[in-house]
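The sequence shown begins at 2 in this note's numbering and counts up one residue at a time. The beta carbon of each residue, even a glycine, is placed where N, CA and C say it ideally should be. In what follows, a single structure is set out as structure tokens and then discussed.
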Amino acid sequence: MLLDSNLNEIKEGKRITAKGYAVQHKDDTFKPFEFSRHTLGESDILIEILYAGICHSDIHSARSEWHNGIYPMVPGHEIAGRVVAVGSKVSKFKVGDYAGVGCMVNSCGECEACKASNEQYCERGMVATYDCKDYCHNNEPTYGGYSNNIVVSEKFVIMVPQDAPLEKVAPLLCAGITTYAPLKFSKVKAGDKVAVAGFGGLGMMALKYAKQMGAEVFIFARNKNKEQDALKLGATKLYDTTDPKIVIERFDLIISTIPTPYDITAYLKLLKLGGEMGIVGLPPSEVDPKIGAQGLIFNAHKKVYGSLIGSIKETQEMLDFSLKHKIYPETEIISANQINEAYENLTTGRAKFRYVIDMATL
Ligand code: NDP
Ligand code: ZN
Numbered sequence: 002m003l004l005d006s007n008l009n010e011i012k013e014g015k016r017i018t019a020k021g022y023a024v025q026h027k028d029d030t031f032k033p034f035e036f037s038r039h040t041l042g043e044s045d046i047l048i049e050i051l052y053a054g055i056c057h058s059d060i061h062s063a064r065s066e067w068h069n070g071i072y073p074m075v076p077g078h079e080i081a082g083r084v085v086a087v088g089s090k091v092s093k094f095k096v097g098d099y100a101g102v103g104c105m106v107n108s109c110g111e112c113e114a115c116k117a118s119n120e121q122y123c124e125r126g127m128v129a130t131y132d133c134k135d136y137c138h139n140n141e142p143t144y145g146g147y148s149n150n151i152v153v154s155e156k157f158v159i160m161v162p163q164d165a166p167l168e169k170v171a172p173l174l175c176a177g178i179t180t181y182a183p184l185k186f187s188k189v190k191a192g193d194k195v196a197v198a199g200f201g202g203l204g205m206m207a208l209k210y211a212k213q214m215g216a217e218v219f220i221f222a223r224n225k226n227k228e229q230d231a232l233k234l235g236a237t238k239l240y241d242t243t244d245p246k247i248v249i250e251r252f253d254l255i256i257s258t259i260p261t262p263y264d265i266t267a268y269l270k271l272l273k274l275g276g277e278m279g280i281v282g283l284p285p286s287e288v289d290p291k292i293g294a295q296g297l298i299f300n301a302h303k304k305v306y307g308s309l310i311g312s313i314k315e316t317q318e319m320l321d322f323s324l325k326h327k328i329y330p331e332t333e334i335i336s337a338n339q340i341n342e343a344y345e346n347l348t349t350g351r352a353k354f355r356y357v358i359d360m361a362t363l
């Protein structure tokens, strides 16, 4: 077994071999790919990946929609698995524990943001789980979770209890934290009216968390395909954004998870005075939505902010909160050879919520 050979590699101080699925360029489809990861450092752990979620960020990255990607690229930053080896100075984990990894695997550790436990806002830049040059390891490219293993500094690994449903935990490590963080940042409370724009992997988590926090939740989608799902999951109403006249509600908070071009100002108009709009959806650079001085001033005394995933501390808090209240993503388990199909579905409106790859099928 590959993992047995990994243990031998660790004993011999060698790089750790891995296999997964990669694209070789932005127009490529996913194919099996073999590569190696850096050696196990004294504070690192080796995780056997059991499940990996597919986030829309994976699609933006694989297709170089934000910046020129680093290829070959193995995406995946919603990772859940089992610890198979630990470095000599590891204290948080032991072999056999469940563990999770999200969007980052390191940061400088020295700047104000890192010292304040906000590694995602590291001044040097966080080391992203994939499509990134790892400045802690000679700038070698990082490879993500569409693979059988990963080596990560324990500081960036989330503790997952043994009784947690791992295939549901994986998507929490990006979709969960990315929507939990702005709801906390905006201090959502019972009775608030919250709108969620874009109802996919992130949108469904925003709905579930906002409901748990006591808010009344409204969904904005560009069609009515998922209206029944929205109502079943507790939304008061689903608005079809292709029919703008119908919106009469005003909101305390809008969370936008939209990954395509759209009119931000149109949403600002729907905020109550003093309301807030948290933007997490990140459309491709070429069609990045803009907001001008007029849009802001004629929607004055409302606040717009962006939010990038969440810190390691907050991710642990989000996971504990999710497990305590049994807030889990709606998932569809797929095999590794279905990644291309999943990407197709996620970009043509045929996907429902979160695809999760079962790594036993690698
Ligand atoms: P999904 O593809 O799962 O969901 C996106 C949803 O948005 C789909 O339901 C889609 O509907 C809907 N949608 C698309 N365009 C519009 C529109 N104009 N108006 C209303 N709804 C629309 O994506 P994810 O939830 O995984 O990710 C969403 C975005 O968040 C991505 O851009 C991703 O990169 C970003 N992201 C940002 C993070 C951060 O830290 N800020 C972290 C993680 C993700 P349809 O089915 O009709 O296409
Ligand atoms: Zn993500």
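So does residue i have its beta carbon nearer than 7 Å to some heavy atom of ligand 2?
| i | result |
| --- | --- |
| HIS302 | no |
| HIS78 | yes |
| SER154 | no |
| CYS133 | no |
| SER58 | yes |
| CYS104 | yes |
| CYS175 | yes |
At which residues does the beta strand (DSSP E) containing residue i begin and terminate?
| i | result |
| --- | --- |
| TYR356 | 355-359 |
| SER37 | 32-38 |
| VAL102 | 99-102 |
| GLY199 | First-last for GLY199: undefined, no H or E at that position. |
| VAL84 | 80-87 |
| TYR306 | 304-307 |
| ASP241 | 238-241 |
| SER154 | 150-154 |
| THR18 | 17-23 |
| ALA53 | 45-55 |
| THR332 | 332-335 |
| LEU272 | 272-280 |
Checking 8 Å against the spacing of the C-beta atoms, do residue i and residue j come in under that value?
| i | j | result |
| --- | --- | --- |
| GLU66 | PRO285 | yes |
| THR237 | ALA222 | no |
| ILE151 | THR316 | no |
| LEU203 | VAL281 | yes |
| LEU234 | MET205 | yes |
| ILE159 | GLY77 | no |
| GLU79 | ALA216 | no |
| LEU283 | GLN121 | no |
| VAL106 | VAL161 | no |
| ILE340 | TYR144 | no |
| LEU184 | ALA207 | yes |
| ILE358 | TYR72 | no |
| ALA81 | ILE11 | no |
| PRO172 | ARG355 | yes |
Whole angstroms is fine: what's the gap from residue i's alpha carbon to residue j's?
| i | j | result |
| --- | --- | --- |
| TYR52 | TYR99 | 11 Å |
| ILE50 | ALA231 | 31 Å |
| GLY14 | GLY54 | 31 Å |
| ALA19 | TYR268 | 45 Å |
| LYS169 | HIS138 | 31 Å |
| THR349 | ILE48 | 33 Å |
| ILE298 | ILE46 | 50 Å |
| GLY201 | THR130 | 22 Å |
| ASN149 | ILE335 | 15 Å |
| TYR136 | GLY110 | 12 Å |
| VAL195 | LYS273 | 11 Å |
| GLU287 | PRO262 | 9 Å |
| LEU254 | ILE328 | 21 Å |
| CYS123 | LYS246 | 42 Å |
| LYS270 | HIS61 | 28 Å |
| LYS227 | LYS353 | 8 Å |
With hydrogens ignored, establish whether the beta-carbon of residue i is closer than 7 Å to any heavy atom of ligand 1.
| i | result |
| --- | --- |
| ARG223 | yes |
| THR261 | yes |
| PHE200 | yes |
| PRO1 | This structure leaves residue 1 out entirely; the chain is present only between 2 and 363. |
| LEU309 | yes |
| LEU347 | yes |
| THR179 | yes |
| VAL158 | no |
| VAL281 | yes |
| THR242 | yes |
| GLY350 | yes |
| GLY204 | yes |
| THR316 | no |
| LYS61 | This sequence places His at residue 61; Lys is not what is there. Yes, ligand 1 has a heavy atom inside 7 Å of this Cβ. |
| LYS284 | Residue 284 is actually Pro in this sequence, not Lys. It does: the Cβ of PRO284 is within 7 Å (strictly closer) of some heavy atom of ligand 1. |
| THR266 | no |
| THR130 | no |
| THR258 | yes |
Quick check on the DSSP output: the alpha helix (DSSP H) that includes residue i runs from which residue to which?
| i | result |
| --- | --- |
| ILE249 | From DSSP, ILE249 is part of no alpha helix (DSSP H); its letter is neither H nor E. |
| GLN319 | The residue asked about is misnamed: residue 319 is Met in this sequence, not Gln. Here the alpha helix (DSSP H) through MET319 covers 313-325. |
| ALA216 | Note, ALA216: premise wrong, no alpha helix (DSSP H); not H, not E. |
| ASP164 | Premise fails: ASP164 is in no alpha helix (DSSP H) and is neither H nor E. |
| ASN341 | 340-348 |
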